[in-house]
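> Note that the protein sequences, when read in sequence, are chains A and B.
So in our numbering the end of the first sequence lands on 742, straight run, no missing numbers.
So in our numbering the end of the second sequence lands on 158, straight run, no missing numbers.
Just so it is clear, CB atoms sit at the ideal spot from N, CA and C, and this is done for glycine as well.
Fair warning: this is a prediction, and the values are worked out from it, not measured in the lab.
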Amino acid sequence: MNAFDYRAPRGLDETFAILQEYGDDASVVAGGTALVTMMKQGLVRPRCVVSLRDVDGLDGIEATNGALRLGARVTHREAEVSSLVMERLPVLAETFRRVGTIRIRHMATIGGALAHADPNQDPPVTLLALGATVEIRRAGSRRALPLEAFFRDYYETALEPGELVTGITVPLLAPASGAAFLKFLPRTADDYATVAVAVTVTLEPDGEHGREARIALGSVGTTPLRGRAAEALLSGERLDENLLRAVEEAIKAAVDPLSDHRGSAAYKREMAAVMVGRALTQAWEAARRAAREGR
Amino acid sequence: MLHLTVNGTSHDVEIPTYRTLLDCLRYDLGLTGSKEGCGVGVCGACAVLLDGTMISSCIALAVFADGREVTTVEGLADDERLHPVQQAFIDYGGFQCGICTPGQVVAAKALLDAIPDPSDAEIREWMLGNLCRCTGYYKIIESIRAAARPRRP
Numbered sequence: 448m449n450a451f452d453y454r455a456p457r458g459l460d461e462t463f464a465i466l467q468e469y470g471d472d473a474s475v476v477a478g479g480t481a482l483v484t485m486m487k488q489g490l491v492r493p494r495c496v497v498s499l500r501d502v503d504g505l506d507g508i509e510a511t512n513g514a515l516r517l518g519a520r521v522t523h524r525e526a527e528v529s530s531l532v533m534e535r536l537p538v539l540a541e542t543f544r545r546v547g548t549i550r551i552r553h554m555a556t557i558g559g560a561l562a563h564a565d566p567n568q569d570p571p572v573t574l575l576a577l578g579a580t581v582e583i584r585r586a587g588s589r590r591a592l593p594l595e596a597f598f599r600d601y602y603e604t605a606l607e608p609g610e611l612v613t614g615i616t617v618p619l620l621a622p623a624s625g626a627a628f629l630k631f632l633p634r635t636a637d638d639y640a641t642v643a644v645a646v647t648v649t650l651e652p653d654g655e656h657g658r659e660a661r662i663a664l665g666s667v668g669t670t671p672l673r674g675r676a677a678e679a680l681l682s683g684e685r686l687d688e689n690l691l692r693a694v695e696e697a698i699k700a701a702v703d704p705l706s707d708h709r710g711s712a713a714y715k716r717e718m719a720a721v722m723v724g725r726a727l728t729q730a731w732e733a734a735r736r737a738a739r740e741g742r
Numbered sequence: 006m007l008h009l010t011v012n013g014t015s016h017d018v019e020i021p022t023y024r025t026l027l028d029c030l031r032y033d034l035g036l037t038g039s040k041e042g043c044g045v046g047v048c049g050a051c052a053v054l055l056d057g058t059m060i061s062s063c064i065a066l067a068v069f070a071d072g073r074e075v076t077t078v079e080g081l082a083d084d085e086r087l088h089p090v091q092q093a094f095i096d097y098g099g100f101q102c103g104i105c106t107p108g109q110v111v112a113a114k115a116l117l118d119a120i121p122d123p124s125d126a127e128i129r130e131w132m133l134g135n136l137c138r139c140t141g142y143y144k145i146i147e148s149i150r151a152a153a154r155p156r157r158p
């Protein structure tokens, strides 16, 4: 690892001042699972590492206005075992539970994972399907960005120098909706996904016809991505075998996976379609139940 | 200057900012129980507790522990008496070559601190992150089950 200045500011204002001072040469660290690993491998060499450990106001999970807000420093483990998350968005709790190991989930934070922008991560997939918004702050201003616009490329985000992810807001599911997250990993349970998919479906009040769906995928491109063409096929339709096949074909056309030790590009493309088909079926079933029960 | 408490003893150490917590424990404090296996947070050989929470010390900077409390495998035994998890690993053969054992024992302690009477599924979920290249997993699970069993009077 290279030598660097280490700063542990006491509050957000001090954090922004340091980020401004160092600009592009500063790296923010919270849990360290991403940054320290990359520094050890010589992949990043920041001149300054800014730790958020003593910065207040980045913790907490709260329910606000039909959404959950999670602070950037909330760990994956905290999100996974939060009764609020388990009750209101079980699909999100389940997604966090599938990341790495408990030891890593104790360390890795939500904000850190987003800023890391590794397209093989699981939570961004479910957060995309749920329509989450990232809260970004800098000295004197803040902005909210749809998560989809946040990921720009492999390990690249829309964050400007001096900016910090401070939280994420995740809307709860609308009435007559269902959600599913599936992680396909043929090797070990703590591995990155070969393909990960999350689907949310909202049905018409009749509980049979699709109104809106979001399909998100991880590990099949340079960023987590949406299967918009596949989503559009579902509007106003009933789910049957023909429609499922059409959705799967649209997914194959939407993904652009890399061949690696987790599988060839062709294999991942096929599996992306298979997993979307399964997740869509599950989410659709859950949405039908919700419609029947008036939820 | 870094100030931390390790296994109840407070230390002040002068270290470069890029020191990992694992290297600080092993080279600055001479506590070589925690091992470096993969070095990237996967294998669990370097597991320690930071303020009671299990972490990978190989991907934590030592400065993360400034003002905090670290528990390593050396801190589990109470004077001459082994921690119940350590005793169970001996009684039930929960180790073979031994290099993963400090991490396994720390992880098992973290598990029992969180869930005193874990199900087999909970044991497997917690211990998923501790690799044993001798593949002695069944004995490790058996040891943890035994350590969790309520003590007889």
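1. Is S530 of chain A helix, strand or coil by DSSP?
2. Determine the extent of the alpha helix (DSSP H) in which Y714 of chain A is found, giving its start and end residues.
3. Could you pull out every residue in the same chain whose Cβ sits closer than 8 Å to the Cβ of V90 of chain B, ignoring the five residues on either side in sequence?
4. In the DSSP assignment, find the alpha helix (DSSP H) that holds Y453 of chain A and state where it starts and stops.
5. From C137 of chain B to C43 of chain B, what distance separates their C-alpha atoms?
6. Could you give the first and the last residue of the continuous beta strand (DSSP E) run that contains F631 of chain A?
7. If we cut at 7 Å on Cβ distances, does P158 of chain B have a partner in chain A?
8. Is it the case that the Cβ atoms of T580 of chain A and T542 of chain A are separated by a distance below 7 Å?
9. By the criterion of Cβ-Cβ separation under 8 Å, what are the contact partners of T22 of chain B in chain A?
10. How would you label P158 of chain B, buried or exposed, when you count the other beta carbons within 10 angstroms and need 16 or more for buried?
11. Quick one: does L87 of chain B have its CB under 7 Å from some CB of chain A?
12. Relative to chain A, which residues along the stretch 59–76 of chain B have a C-beta separation below 7 Å, given in chain order?
13. Quick one: is S711 of chain A buried, meaning 16 or more other Cβ sit within 10 Å of its Cβ, or exposed?
14. Residues of the stretch 462–483 of chain A with a CB closer than 7 Å to any CB of chain B: list them in chain order, please.
15. Under a three-way DSSP split, which group does R552 of chain A fall into?
16. Contact defined as beta carbons within less than 8 Å: I believe P622 of chain A pairs with A514 of chain A. What is the distance between those atoms, to the nearest angstrom?
17. Measuring straight from C-alpha to C-alpha, what distance separates A663 of chain A and E603 of chain A?
18. Pull up the distance between the alpha-carbon of S474 of chain A and that of V497 of chain A, whole angstroms please.
19. At what residues does the alpha helix (DSSP H) containing P89 of chain B begin and finish?
20. Going by DSSP in three states, R157 of chain B sits in which element: helix, strand or coil?
21. Could one say the Cβ of G134 of chain B lies closer than 7 Å to chain A's Cβ atoms, at least one of them?
22. In whole angstroms, what is the alpha-carbon distance linking L531 of chain A and D33 of chain B?
23. Quick check on G141 of chain B - is its C-beta less than 7 Å from some C-beta in chain A?
24. If we count Cβ pairs, one from each stretch, closer than 8 Å, do we get three or more for the stretch 85–103 of chain B versus the stretch 488–506 of chain A?
25. Measuring only the C-alpha atoms, how far is F100 of chain B from N449 of chain A?
26. Spatial neighbours of A640 of chain A within its chain, please: C-beta separation below 7 Å, excluding the five flanking residues on both sides.
27. Is A720 of chain A closer than 7 Å to E684 of chain A when the C-beta atoms are compared?
28. Q682 of chain A and R661 of chain A look like a contact to me (Cβ under 8 Å); what is the Cβ gap, rounded to whole Å?
29. Report the neighbours of T548 of chain A on chain B: residues whose CB is nearer than 7 Å to its CB, in chain order.
30. Looking at the structure shown, is D215 of chain B part of a helix, part of a strand, or coil, going by DSSP?
31. Taking all protein chains shown into account, do 16 or more other C-beta atoms lie within 10 angstroms of the C-beta of E740 of chain A, making it buried, or fewer, making it exposed?
32. Could you check where the alpha helix (DSSP H) with E684 of chain A kicks off and where it finishes?
33. Is the CB of M554 of chain A under 7 Å away from at least one CB in chain B?
34. Chain C beta carbons: is any one of them nearer than 7 Å to that of G99 of chain B?
35. What does I551 of chain A reach in chain B if we use C-beta pairs closer than 8 Å?
To lay it out plainly:
1. In the first sequence, residue 530 of chain A corresponds to position 83, counting from 1. DSSP places S530 of chain A in helix when its eight states are reduced to three.
2. Within the first sequence, residue 714 of chain A is the residue found at index 267, counting from 1. From DSSP, the alpha helix (DSSP H) with Y714 of chain A extends over A712 to R739.
3. In the second sequence, the residue the question calls residue 90 of chain B occupies position 85. Non-local beta-carbon contacts of V90 of chain B in its own chain, meaning distances under 8 Å to residues more than five positions away in sequence, involve L81, V110, A113, K114, L117, S148, I149 and A152 in chain order.
4. One-based indexing of the first sequence puts residue 453 of chain A at position 6. Boundaries for Y453 of chain A: no alpha helix (DSSP H) harbours it, while the beta strand (DSSP E) harbouring it runs D452 to R454, taken from the DSSP string.
5. Reading the second sequence from its first residue, position 132 is the one you call residue 137 of chain B. Reading the second sequence from its first residue, position 38 is the one you call residue 43 of chain B. For C137 of chain B and C43 of chain B, the distance between alpha carbons rounds to 12 Å.
6. Walking along the first sequence from the start, residue 631 of chain A turns up at place 184. Per DSSP, F631 of chain A belongs to the beta strand (DSSP E) from S624 to F631.
7. Locating residue 158 of chain B in the second sequence gives position 153, where the first residue counts as 1. Note on P158 of chain B: pLDDT 44, under 50, position unreliable in the model; no value is reported.
8. Taking the first residue of the first sequence as 1, we reach residue 580 of chain A at position 133. Taking the first residue of the first sequence as 1, we reach residue 542 of chain A at position 95. No, Cβ-Cβ distance for T580 of chain A and T542 of chain A is not below 7 Å.
9. In the second sequence, residue 22 of chain B corresponds to position 17, counting from 1. Under the 8 Å cutoff, chain A gives A450, F451, D452, Y453 and V496.
10. Residue 158 of chain B sits at position 153 when you count from the first residue of the second sequence. Only weak support exists for where P158 of chain B lies, its pLDDT of 44 falling under 50; the value from the coordinates is given anyway. Exposed is the call here.
11. The residue labelled residue 87 of chain B in the question sits at position 82 within the second sequence. L87 of chain B is outside the set of residues whose beta carbon lies under 7 Å from a beta carbon in chain A.
12. For the stretch 59–76 of chain B, the set of positions with a beta-carbon nearer than 7 Å to some beta-carbon of chain A reads M59, I60, S61, I64, A65, L66, V68 and F69 in chain order.
13. As a working note, residue 711 of chain A is residue 264 in the first sequence. Burial call: exposed.
14. Cβ contacts with chain B come from G479, T480 and V483.
15. Walking along the first sequence from the start, residue 552 of chain A turns up at place 105. Of the three classes helix, strand and coil, the one that applies to R552 of chain A here is helix, per DSSP.
16. By 1-based counting over the first sequence, the position of residue 622 of chain A is 175. By 1-based counting over the first sequence, the position of residue 514 of chain A is 67. About 15 Å separates the Cβ atoms of P622 of chain A and A514 of chain A, ruling out a contact at the 8 Å cut-off.
17. For this step, residue 663 of chain A is matched to residue 216 along the first sequence. For this step, residue 603 of chain A is matched to residue 156 along the first sequence. Rounded to whole angstroms, A663 of chain A to E603 of chain A spans 18 Å at the Cα level.
18. The residue labelled residue 474 of chain A in the question sits at position 27 within the first sequence. The residue labelled residue 497 of chain A in the question sits at position 50 within the first sequence. Going by the C-alpha atoms only, they are around 6 Å apart.
19. The residue you call residue 89 of chain B lines up with position 84 of the second sequence. Taken as a continuous stretch (DSSP letters only), the alpha helix (DSSP H) holding P89 of chain B covers P89 to D96.
20. Taking the first residue of the second sequence as position 1, residue 157 of chain B is located at position 152. Residue placement at R157 of chain B cannot be trusted, given a pLDDT of 46 that sits under 50; what the coordinates show is reported in the next sentence. R157 of chain B falls in the coil class under three-state DSSP.
21. Along the second sequence, read from residue 1 onward, the residue named residue 134 of chain B stands at position 129. Residue-level contact by beta carbon holds for G134 of chain B and chain A, with a gap shorter than 7 Å.
22. The sequence position of residue 531 of chain A within the first sequence is 84, counting from 1. The sequence position of residue 33 of chain B within the second sequence is 28, counting from 1. Looking at the two C-alpha atoms, the distance is approximately 42 Å.
23. Translated into positions along the second sequence, residue 141 of chain B becomes position 136. False, the Cβ-Cβ gap to chain A never drops below 7 Å.
24. Segments in contact, no.
25. Numbered from 1 along the second sequence, position 95 holds the residue referred to as residue 100 of chain B. Numbered from 1 along the first sequence, position 2 holds the residue referred to as residue 449 of chain A. Their Cα atoms are separated by approximately 37 Å.
26. On the first sequence, residue 640 of chain A is found 193 positions in, with the first residue counted as 1. Close CB contacts of A640 of chain A within its chain, under the 7 Å cut and outside five residues either way in sequence, are with N567, D569, K630, F631, L632, G665 and S666 (chain order).
27. As a working note, residue 684 of chain A is residue 237 in the first sequence. As a working note, residue 720 of chain A is residue 273 in the first sequence. For E684 of chain A and A720 of chain A, no; Cβs fall outside 7 Å.
28. Position 235 of the first sequence, counting from 1, holds the residue named residue 682 of chain A. Position 214 of the first sequence, counting from 1, holds the residue named residue 661 of chain A. Going by the sequence as given, residue 682 of chain A is Ser instead of Gln. Not quite, the Cβ-Cβ distance comes to about 12 Å (not below 8 Å), so this is no contact.
29. On the first sequence, residue 548 of chain A is found 101 positions in, with the first residue counted as 1. Around T548 of chain A, the beta-carbon contacts reaching into chain B at under 7 Å are L133 and G134.
30. Here chain B covers residues 6 to 158 and nothing more, so residue 215 of chain B does not appear.
31. Stepping through the first sequence from its first residue, residue 740 of chain A is reached at position 293. Exposure of E740 of chain A is indicated by the presence of fewer than 16 other C-beta atoms within 10 angstroms of its C-beta.
32. The sequence position of residue 684 of chain A within the first sequence is 237, counting from 1. Here E684 of chain A belongs to no alpha helix (DSSP H), and DSSP marks it neither H nor E.
33. Looking up residue 554 of chain A in the first sequence gives position 107. Yes, its Cβ sits closer than 7 Å to a Cβ of chain B.
34. In summary, chain C is missing from the structure at hand, where the protein chains are A and B.
35. Start at 1 with the first residue of the first sequence, and residue 551 of chain A comes out as number 104. Simply G46, S61 and G134.
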